[in-house]
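One structure is given here, and the rest of the page talks about it.
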Amino acid sequence: MGLRRPDPGSPDLGPRLLLPPLPTPSMLPMLLLLLLLPSPLLPLSLSLSALGANCETEIDECESDPCQNGGSCFDGIGFYRCACGLGFEGDHCQVDIDECQSQPCAHGGRCQDLVARFLCDCSDTGYEGERCEVEVLECASGPCLHNATCLEGVGHYRCVCWPGYSGEHCEMDEDECAGKPCLHGGLCLERSNQSYYGGALPGFPQDFSYNMAAGFICQCLPGYAGADCSVDVDECASRPCVNGGHCQDLVAGFRCHCLPGYSGVTCMVDVDECEAGPCQHGATCEDGIADYVCHCMPAREGSPIWGGKNCSVELTGCLDHLCQHGALCAPTYKAGIHSYVCHCPPGFHGPTCSTPTTFSLGGGSALPVDGAGGEPGTASISLRFRTTLPDGILFARGDAMECLILELAEGVLQASLLRNGSVHSVSLRGLMVSDGHWHQVGVLLGDALELQLWHEGCSQGPCRDSCSVGTRTAPTSPTSLRTYIGGVGPDSWAGGLRVRPCFVGCLEDVQVDLRPLLPQELSSLQPSPPLQLGCNRTEWCSGQPCAHGGHCRDLWTSFHCDCPRPYKGTTCSQERLAGTFGREGASSFASFGIPAALGPNFNLSFFLRTRQPEGLLLQAHDGSGPRFSVFLAGGQVHVEAPAAHTVTLPGFLADGLRHLVTLNFRESRVLSGPLELGQLEAAVTGTDWDLHVGGLPTPAQADQWGGGFKGCLQDIQLNQQPLEFSPPVGTGNSTVVKGAYLAQTSNLTLGCLSDNTCHPDPCQNGGTCTITWNDFTCRCPVGFMGRLCREKVWCLSKPCPPATTCLEVPAGYVCLANATFQGQTVAEYTSNVSASRVLTSLSLGFRTRDEDAILLSASGPVDSVLVALHHAALEVAIHSGNGVEGATFHGRAPVSDGAWHWLALTMEEPASAASRWLVRLDGAPNASLEGAAGTLDFLKDGVTVVLARNFTGCLGRVAIGGVDLPFVRPGLRPPPQLEQFLLVTGSSSGDGSPQLGCHGAPVCAPSPCLHDGMCHDLFDAFGCSCVAGWAGPRCEVDVDDCASGPCVHGLCVDLAGSYQCHCSPGFIGRDCATNEDDCVRHHCLHGGTCVDGIGDYSCQCPAHFTGPHCEWPFPPEECGRNFTCLNGGRCTQGPWGANCSCQAGYAGWRCQININDCDPNPCQNGGTCQDAVNKYKCVCGSSFTGERCDVDKGMLGTFFPFPLLEVAVPVACGGLLLLVIGLLFAILTARKRRQSEGTYSPSQQEVAGARLEMDSVLKVPPEERLI
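Heads up: the sequence shown runs through residues -43 to -1, 1 to 1224, numbered per mature numbering (1 follows the signal peptide of the UniProt record, and there is no 0).
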């Protein structure tokens, strides 16, 4: 019986064994074994196995669900079996298996039995894990503090502390400073305090480490040192006092006793004697040591010159000076006496610069100098010179044992010394001095030989070159040394030195051993001296005397022209005589007899002019035959020698122009300039041989080299010796004249002349012939063109209809125009092309938005060509015959964009039956069609060419094999040319015909582009080119110019088509990318270096200065010790040292400056300001008054006449005084009367009457009222 799961959808197939609900694959063999084993081996639960009359019904023993604890029951025939779940066993799975029986928990863990599993309780064991097998790491939680080491135990741990820490967990930081170990007030700092590290305090490293945390560091007070500040420091041990100052050691300090001129804590401050401003009249004060020097202002025109110690003395020495020749007068003032000194310009000497020093030498001989004047073995020479010659001796001194020469060598200065048999030379290469300008030179000879030159090529001072020389051994007296100017004299004592010619040019300001040599003295030493006073100079080359591009060389007394070939003569005005060969068809030649042998190394050069591509040019011939030949073949020069390959000079020379040919024979090589032509041996060993030119005595013998030469040969040179066709007049028949070889000629015409090419007249149709050296030109009448005026100008008669352009083609014309096609319109052509023309190209222009169309097609019996658009890309197919694979091209770039596109197809090898075809689209590099095809000549066999099938758009110029396919049908007078494609259908008139010109919808009228965008007509569509800042199909989108973040260091503000950057402080520029140089206006003092920052700067101070702007001395100055405030200033001690708080009216570092209250001048109207301390006084003119002279006295007189003012004011004052006196008297009288009221006075009653009227009495003051 097989084992399977019951299929709910299958019919009952009879007895079967039901598997448990979820049996695993490993249980299946076991279950099968249970069912197949004999029943005596199995504890089975038996029951009746079948029911029914025929026992056909099987009893399901599992129906009562006998299996417990989730066991699966398996029904058998007459029995059942229980398959127990994990953790249970027994017949009915009633027994719970005890998983703790095997004691799985290790290390004393308590096991708890569960269903099909167990649980280990590892509490208080020191272990963990499923079976308590993993030891618990108590140190994993890091219980130990301060980086202590944790030691594991079983169920416990122990902390090993670093020195300086204690406690169970090393939590206590021991206080090493508790015992106050630092003496003399030193500050104790524990090493365990991590806040002291990282550069926070000196003595502590950058990084904290627990292995160094124990202990303390003492920060000692100034004057003490040591680990516990127990050592009294000797501050003078480091010698802090500079500039000779004496150091006195103090407790925690020192005191420097400075020498005069110095101050400061360490005497480092040079007392600025200039601080008091001793220099007057704008002079610059230079501080010294206990002194100062005033540099007076330079003289200005119209201003006085000042001098003296303080520039306070007006120098008047130059008021009546006698300096001549533009010399500079410098006034002097010594010992109270005014005088002057003349600074002479070059070329003059003497107290008043009246003696000229300039003279010229013609090169005839040298000038001797009387006496040497220097020490043995030394020399000092200085002079100025001017010349155009590259070689010449300027100065020479010496004897047979030693000589010194200053000379020009190839335009460069050179000084040479011969001493002890050795030559020492110095020169200044690269500085040409033979340019006709004045140059100053100096030579110093001592332990070294030094050459000096003042030149515009020397940036700072003179250029120098020097070399060490040996010591002098000869005991020669200085007076025995012979000294010469401009040469070496008549006796040759220069020894191993190369002696150059005498100097030709001008000299001035010559000094030998600091002694001026005047031309007047030099001329007295010879009866006929070779010198002339002054420097009379002719600029020979200024007028360009050399013709034909010749180079003029100034030889000082004359000039020389280096003439280009073939010119010669003094001014290159003469041309070497040319010879015309083969004129008017004659046979010509010239022969030169060469008396010398020609070795393997020689050169040959000549000019040639010809229009004939073949002919013999030159041939060397000895008795045995030609040794080498030079001839033209195919318009190129060839060189041939017996038993050798022919070498060829590149370039086509038969163009009627004059060409220079140079051939250099070197051993077995032939060169033309730097170009090597090949291997060839062309030596002539004989001593008497002939050089034939232009042909041979027997003309037929020259046929193998192209026959005789026709044209002109000129300036033939063999090893730089000319070969002349005609001897100069009066030289006879000699074969050699002045180094030139002479020719024996035949039918040679002297000069370079042309044939009469206009006879007979080659010009047709009335054209005028003009001779152009062995050629002609025809000036054609109106209506004709071409070289012979043979071709008619057809377009002159305007044969083409409107909207077309007439183009001249050989023997006719063609009417060209663009054409517009609309769907069903086509153009068909038949050919009328001669058999000689090979159709190997095709070109056309098109413009469309069609994605699928045929631009051009033609099909023959076996040949075809197709140019089409497929899915907006270009496709080309060319097939030639059944035996050729054909060529195809599938473009990738879309071309249906409404723009003009231009296609060109060319056959790569037109002479082949089939080759690759090349395609070029819109000027891009050529691409190859796949495969190969032949020509398009099948179109000449009556095949119809169709253009624009199912095409909507424009076609431009179309041509096949260079023959145009016009869009105009021939009229009554078709074009006359024989070769043309004829339009047979689709003419320019009638329905369904293409429209001439390219016409699409007027998409750009009016322009749809916004914001000044430019509209482009793309044939029934448009495109917009937007200006900066706008985008979109119609330039309608304002581009966020700030999106790209153009502002590097700033805030970007978007504008219309642009942006603006608001830069952060310290940055400038359109994009805020430039760090502004804050050092431009820095205030760093005392030579401090400014360091640019971002929006700020800092000062790097030199030694002995500090502060934000290096304004304070360092070490800092102290009030009362080395710093004193002047003019009542109050000294205060600040972070940078002593500082002065000045009283009103004073300023400066030490309050030494009295503030000038008169700057700017407060006094008006020309008043003079007199400065005082913190105030001023204005001294006014006669017309003004007031504190600032701002009151005009005349204005007062305008309102008050002058006499009235002087009288009215005193009178008014007097009247006012009387009024005040009267008022006081009345008040006193009234007070007296009030004091007498309320008393009895008989005398008053007698006077006033018996009755007193109180109403007439003034009111009584309160203090006087009676009660």
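Virtual Cβ for every residue (Gly too), placed ideally from N, Cα, C. What you are looking at is a predicted structure, and each value in this text was computed from that prediction instead of being measured.
Would you identify the three-state DSSP class for residue i, choosing helix, strand or coil?
i	result
L(-27)	Any reading at L(-27) is ruled out, since the residue's pLDDT is 35, under 50, leaving its predicted position unreliable.
V1168	helix
F682	coil
D948	The pLDDT assigned to D948 is 49, lower than 50, so where the model puts this residue is not dependable, and the model offers no usable value.
F1157	Confidence at F1157 is low in this model, with a pLDDT of 45, below 50, so its placement is unreliable and no value can be given for it.
I54	coil
N168	helix
Y154	coil
T762	strand
L1185	helix
F895	helix
If we count the other Cβ atoms within 10 Å of its Cβ and call it buried at 16 or more, is residue i buried or exposed?
i	result
L474	buried
G1154	Residue placement at G1154 is flagged as unreliable, the pLDDT there being 48, under the threshold of 50; a coordinate-derived value is accordingly withheld.
T797	buried
A700	buried
I1184	exposed
E465	buried
S416	exposed
F1071	buried
G427	exposed
H836	buried
N1096	buried
G918	buried
C12	exposed
P303	exposed
I246	exposed
P476	buried
Which residues mark the beginning and the end of the beta strand (DSSP E) in which residue i is found?
i	result
E87	Note, E87: premise wrong, no beta strand (DSSP E); not H, not E.
Q674	G668 to L675
P473	R472 to L474
Q371	V369 to R376
P325	L324 to V326
C215	Note, C215: premise wrong, no beta strand (DSSP E); not H, not E.
T909	F908 to L912
H282	Run containing H282: none; DSSP gives neither H nor E here.
Y37	F36 to A40
K266	No beta strand (DSSP E) contains K266, which DSSP labels as neither H nor E.
P583	G582 to A590
D820	Element bounds for D820: n/a, residue is neither H nor E.
H396	H396 to L402
R67	R67 to L71
Based on DSSP bridge pairs, tell me the residues matched to residue i.
i	result
F1071	The partner list for F1071 (beta bridge, DSSP) is empty, contrary to what the question assumes.
S798	T863
I1051	Paired residues: none, contrary to the question.
A184	According to DSSP, A184 bridges with nothing at all.
A844	I835 and G888
G572	L589
T734	T727
F924	Answer by DSSP bridge pairing: none, since F924 is not bridged.
If you follow the alpha helix (DSSP H) that residue i is in, where does it begin and where does it stop?
i	result
residue 1228	Residue 1228 cannot be examined here, being either before or after the span of the chain that is shown, -43 to 1224.
What is the C-beta distance between residue i and residue j, in whole angstroms, given that I count them as a contact (C-beta under 8 Å)?
i	j	result
L140	L158	About 19 Å; that fails the 8 Å criterion.
C715	F733	5 Å
V400	A323	Rounded, the Cβ-Cβ distance is 17 Å, inconsistent with contact.
residue 1245	C62	With the chain covering -43 to 1224 only, the question about residue 1245 has no answer from this structure.
For the ligand MN, I want to know if residue i counts as a neighbour, meaning its beta carbon is within less than 7 Å of at least one of the ligand's heavy atoms.
i	result
L102	Absence of the ligand MN from the depicted structure is noted, as is the absence of any ligand whatsoever, leaving it without description.
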